[in-house]
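Here's the structure we're looking at; comments come further down.
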Amino acid sequence: MIGEHGDGAVVCASSTTVNGTPADVPLAEVRAELHTRPGRISAGVGRTRSGPAGAVLSALHKCLGLVDGTEKLTCEHRGDWLGIPLRFTSGRPVACLPALDADEDAQLAATLTKLRSAYRALGCPAPTSTLLETT
58 MIGEHGDGAV VCASSTTVNG TPADVPLAEV RAELHTRPGR ISAGVGRTRS GPAGAVLSAL
118 HKCLGLVDGT EKLTCEHRGD WLGIPLRFTS GRPVACLPAL DADEDAQLAA TLTKLRSAYR
178 ALGCPAPTST LLETT
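Be aware that the sequence shown starts at 58, since it is given in the working numbering, and climbs by one per residue.
Structure, rendered in structure tokens:
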């Protein structure tokens with residue numbers, strides 16, 4: 058998934074593979090799960106516990122070059138800020154967006170419009186530089 062959490066999440070089903078073989082992703086079920094998951098987590102534990110801290114530590118290890126790997130992080134990419142996969146090698150991030158089909162591309166465009174509106178409402182300045190390479 059890319060984009061953002063919630064309704065703005067873009068499920069990249071067209072590029073999902075298992076061992077290089079395209080996977081059949083049940084989109085309706087995935088979207089239903091994404092919709093109900095926050096409420097179930099809240100009802101079950103009342104809050105998240107160590108998940109956010111673990112995610113930060115995992116990303117920090119990669120940013121510092123201690124380990125290589127991929128993290129989905131919110132970052133500036135092509136003039137917008139959104140959640141995308143970043144592949145870290147020796148601490149250097151490279152955006153690695155999956156190929157999108159027309160529907161997924163339209164969903165991402167809608168998410169970007171929503172995010173731009175939110176950033177404008179917050180008075181955030183537009184990004185001035187591109188920090189990442191793309192593969």
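Heads up, the beta-carbon is just placed ideally off N, CA and C, and yes, glycines get one too.
Remember, it's a predicted structure, so these values are computed and weren't measured experimentally.
Own chain partners of residue i with C-beta closer than 7 angstroms, once the 5 adjacent residues on each side are dropped
| i | result |
| --- | --- |
| A178 | none |
| V67 | M58, I59, G60, E161, Q164, L165, T168 |
| L121 | G148 |
| S115 | E128 |
| C69 | M58, I59, P155, L157, E161 |
| G126 | K119, F145 |
Rounded straight-line distance, which links the Cα of residue j to that of residue i
| i | j | result |
| --- | --- | --- |
| R135 | L143 | 14 angstroms |
| P109 | G77 | 30 angstroms |
| E128 | F145 | 8 angstroms |
| G96 | G111 | 21 angstroms |
| L84 | V75 | 16 angstroms |
Sequence-distant residues of its chain with Cβ nearer than 6 angstroms to residue i (five each side left out)
| i | result |
| --- | --- |
| I141 | I59, H134, A152, L154 |
Endpoints, the beta strand (DSSP E) within which residue i is located
| i | result |
| --- | --- |
| H134 | 126-134 |
| G140 | 137-146 |
| V151 | 149-152 |
Boundaries of the alpha helix (DSSP H) in which residue i is found, first to last residue
| i | result |
| --- | --- |
| A163 | 159-178 |
| H62 | H62 -> no alpha helix (DSSP H), and no H or E assigned at all. |
| S115 | 108-120 |
Inter-residue CB distance, residue i and residue j (contact presumed, cutoff 8 angstroms)
| i | j | result |
| --- | --- | --- |
| W138 | L172 | 7 angstroms |
| V82 | T93 | No, V82 and T93 are not in contact; Cβ-Cβ is about 17 angstroms, not under 8 angstroms. |
Contacting residues, own chain, Cβ-Cβ under 8 angstroms from residue i (five flanking each side not counted)
| i | result |
| --- | --- |
| R88 | V68 |
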